[in-house]
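Student: Heads up: the sequence shown at position 291 corresponds to 291 in the UniProt record's numbering, and the numbers run straight through without jumps.
Here a beta-carbon is modelled for each residue, glycine too, at the ideal position from N, C-alpha and C.
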Amino acid sequence: MIPDVSKALSWLEAHPTILKGIRRGVEREALRITPDGHLAVTKHPETLGAALTHKWITTDFAESLLEFITPVDNDIKNTISFLRDIHRHAARMLGKEKMWPLSMPCFIDAEENITLAQYGTSNIGRYKTLYREGLKNRYGALMQTISGVHYNFSLPIEFWQAWAGVEDAESGKDKISDGYFRLIRNYYRFGWVIPYLFGASPAICSSFLRGRETSLSFEQVQEGTCYLPYATSLRMSNLGYTNKSQSDLNITFNNLRTYVAELKKAIHKPSEEFARLGIKQGDKHIQLNTNVLQIENELYAPIRPKRVIKENESPSDALLRGGVEYIEVRSLDINPFTAIGVDETQIRFLDLFLIWCVLAEAPEMSSDELDCCRKNWNRVILEGRKPGQVIGFGCGNVEEPLIKVGQELLNDLKRVAVILDSCSGTQYQKVCEELIAMFDDSSLTLSARVLEKMKIQGIGSFGLELADEYHQQLINEEYEVISDEQFAIERRASVERQGALEQEETISFDEYLKQQTGC
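Below, the structure written as structure tokens:
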């Protein structure tokens, strides 16, 4: 059962202009691959600039794992165009290499072939690489090659002024933060709708399972492709971004103060498992520390409260200073049916859903209820398209058909769509019409469409065919919002910024580590 938001929707319908100016940003990850579909083992291309300091193009875990970042914008088409321009530029700079179009990685012969991202000789650059060394030693490098799309979203101050009665962002930071944490609690309760609609990793390459224990009953087709018949997003399953040692941290999302306190406690909580690894092997550092979390970003979560940090400031200290500035949605798989991994339909749906999450009542959530919410997510992740699938409410005391809950949610979102469309067009309403059909017919979902292709071709052939197709598309397209000259300027500037950091160092790396970790 979904909360009754009729009163809140009526209020929003009377104040339609307060939603003008929603701010968005997109981050897309993509593995570089060889022409035959294997993981590229080359360094991050110098033609793309310095990954440490480039504003738009960096790397995530590995040298071969690109990450593209759009600036914040309030125009969806500009965001999509900017992201596509970054892809166009990267495709031109990669030579014979391509970008893998799926969330789950391509064929990887051995984990030893995965080179950690390198950021130069500055202390901050070495620190970022050492953090990744810790991730590799804790969870394995293979897991870290999984790719996704992150969506950053913030509501305009006019919304908070009308909704929460604040005067401005500074004086109203507590009420605004409360509103975003309300959004997050509803996201945990109902965000399983995202992998149901847009999950696109129902299958994996058998090389990903090598040496890994799993209780999942995979079926197998050609090319060593393993799949679950009703799965939506194996990327978000226990095979993907998980950390069992985090399960007892009891980090809840009831308010900013308790969230930050619980997060800070977690980064200082010793781990017996990680202590056995040690901090060094000989003279070589192998992780930042032996706590459950090396740093705050190691907390795996499908959504995060965020604020732009200042120099030498931790994410949680930034939140305490200025409150929640935006939220980061982290549950989107790479959409393989577009060259840039995400499309306008997905962005418009997320706008609608996140607005609904702010409007709907969201009682405080116990750690027990949070566990129940995770069970709902896991049902959808592993068997979301299974006929008769149900969603549990009240820790499973009440269950309702997923289809029914999804249709009720989309009916609410239609009313939000009318409001967002009131100034121009019918784009949001068209998104609702397109997506509600996926609850009537699950074969229309991304995961079903992907699985149909993979059963015929196998994950390798399917991914490589798309990689080739998109590479040709991108290199033959004209730029829309960024020019060759702007890319060249930013490439040179990124190299200069990294060089300046390396020249300005005044302390050793060991001293720097002590400052950062306190040990």
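Can you give me the C-alpha to C-alpha distance between residue 107 and residue 272, rounded to a whole angstrom?
Tutor: In a straight line, the C-alpha of residue 107 is about 33 Å away from that of residue 272.
Student: Name the DSSP bridge partner or partners of residue 525?
Tutor: Not covered by the structure: residue 525. The range shown for the chain is 1 to 519.
Student: Tell me whether residue 205 sits in a helix, a strand or coil according to DSSP, three-state version.
Tutor: Strand.
Student: Can you give me the C-alpha to C-alpha distance between residue 421 and residue 37, rounded to a whole angstrom?
Tutor: Spanning the two alpha carbons is a distance of roughly 42 Å.
Student: What separation, rounded to the nearest whole angstrom, lies between the Cα atoms of residue 486 and residue 103?
Tutor: Taking the straight line from one Cα to the other gives about 29 Å.
Student: Checking the sheet assignment: what are the DSSP bridge partners for residue 25?
Tutor: DSSP, once it has assigned bridges, lists 152 as partnering residue 25.
Student: Pairs of beta-carbons, one from the region 250-257 and one from the region 310-327, closer than 8 Å: are there three or more?
Tutor: Yes, the region 250-257 is in contact with the region 310-327.
Student: I need the straight-line Cα distance from residue 156 to residue 503, nearest angstrom please.
Tutor: Distance between the alpha carbons of residue 156 and residue 503: 40 Å.
Student: Going straight from the alpha carbon of residue 415 to that of residue 425, what length do you get?
Tutor: The alpha-carbon atoms of residue 415 and residue 425 are separated by roughly 15 Å.
Student: Quick check on this structure: which residue in 125, 427, 3 and 198 has the alpha carbon closest to the alpha carbon of residue 51?
Tutor: Out of 125, 427, 3 and 198, 125 has the C-alpha closest to the C-alpha of residue 51.
Student: Assuming residue 491 contacts residue 49 (C-beta within less than 8 Å), just tell me the rounded distance between them.
Tutor: Indeed, because the Cβ distance is near 4 Å, the residues count as touching under 8 Å.
Student: Output the distance between the C-alpha atoms of residue 432 and residue 356, rounded to the nearest integer angstrom.
Tutor: Residue 432 and residue 356: Cα-Cα distance of roughly 13 Å.
Student: Suppose you measure from the CA of residue 409 to the CA of residue 1; what does that come to, to the nearest Å?
Tutor: Going by the C-alpha atoms only, they are around 9 Å apart.
Student: In or out: residue 395 buried (at least 16 other Cβ within 10 Å) or exposed?
Tutor: Its Cβ having fewer than 16 others within 10 Å, residue 395 is exposed.
Student: Taking just the CA atoms, how far does residue 260 sit from residue 32?
Tutor: Whole-angstrom Cα-Cα distance: 36 Å.
Student: In this structure, what does DSSP give as the bridge partners for residue 303?
Tutor: DSSP lists 329 as partners of residue 303.
Student: Using alpha carbons as the reference points, say which of 28, 295 and 436 lies closest to residue 135.
Tutor: That would be 295, whose Cα lies nearest to the Cα of residue 135.
Student: Quick one: which unbroken beta strand (DSSP E) runs of 3-plus residues sit fully inside the region 318-371? Chain order, please.
Tutor: As far as the region 318-371 is concerned, its whole beta strand (DSSP E) runs of at least 3 residues are 326-332.
Student: What does DSSP give as the partner residue(s) for residue 291 in the beta ladder?
Tutor: For residue 291, which the question treats as bridged, DSSP gives the partners 270.
Student: Please determine, among 154, 161 and 509, the residue with the shortest C-alpha to C-alpha distance to residue 184.
Tutor: Cα-wise, what sits closest to residue 184 is 154.
Student: Please say whether residue 353 and residue 190 have beta carbons closer to each other than 9 Å?
Tutor: Cβ distance < 9 Å, so residue 190 and residue 353 count as in contact.
Student: Hey, how far is the Cα of residue 201 from the Cα of residue 511?
Tutor: Roughly 43 Å separates the two Cα atoms.
Student: Cβ of residue 78 within 9 Å of Cβ of residue 22?
Tutor: Cβ atoms of residue 78 and residue 22: not closer than 9 Å.
Student: Assign residue 210 to one of three DSSP states: helix, strand, or coil.
Tutor: Residue 210 falls in the coil class under three-state DSSP.
Student: Any idea what DSSP makes of residue 554, helix, strand or coil?
Tutor: Since the first residue of the chain shown is 1 and the last is 519, residue 554 is not available in this structure.
Student: What's the C-alpha gap between residue 130 and residue 276?
Tutor: About 18 Å.
Student: From the beta carbon of residue 436, is the nearest beta carbon of chain B less than 9 Å away?
Tutor: The structure shown contains no chain B; it holds only a single protein chain.
Student: Would you report the Cα separation of residue 493 and residue 471, rounded to the nearest angstrom?
Tutor: C-alpha separation (whole angstroms): 27 Å.
Student: For residue 471, name the three-state secondary structure that DSSP assigns.
Tutor: Helix.
Student: Can you tell which of 458, 111, 137 and 99 has its C-alpha closest to the C-alpha of residue 278?
Tutor: The candidate whose alpha carbon is nearest that of residue 278 is 137.
Student: Would you kindly report the start and end of the unbroken beta strand (DSSP E) that includes residue 220?
Tutor: Taken as a continuous stretch (DSSP letters only), the beta strand (DSSP E) holding residue 220 covers 219-221.
Student: From the DSSP output, in three-state form, read off residue 119 for me.
Tutor: Here residue 119 sits in coil by DSSP.
Student: Can you give the Cα-Cα distance for residue 513 and residue 288, rounded to whole angstroms?
Tutor: If I take the Cα positions, the gap works out to 8 Å.
Student: Here's a check: name, in chain order, each residue in its chain whose Cβ is nearer than 6 Å to the Cβ of residue 45, leaving out the five neighbours to either side.
Tutor: Cβ within range, chain order: 93.
Student: Here's a check: name, in chain order, each residue in its chain whose Cβ is nearer than 8 Å to the Cβ of residue 162, leaving out the five neighbours to either side.
Tutor: Result list for residue 162: 15 and 18, in chain order.
Student: For residue 442 versus residue 452, is the C-beta spacing smaller than 9 Å?
Tutor: It is not a contact, given that the beta carbons lie outside the stated cut-off.
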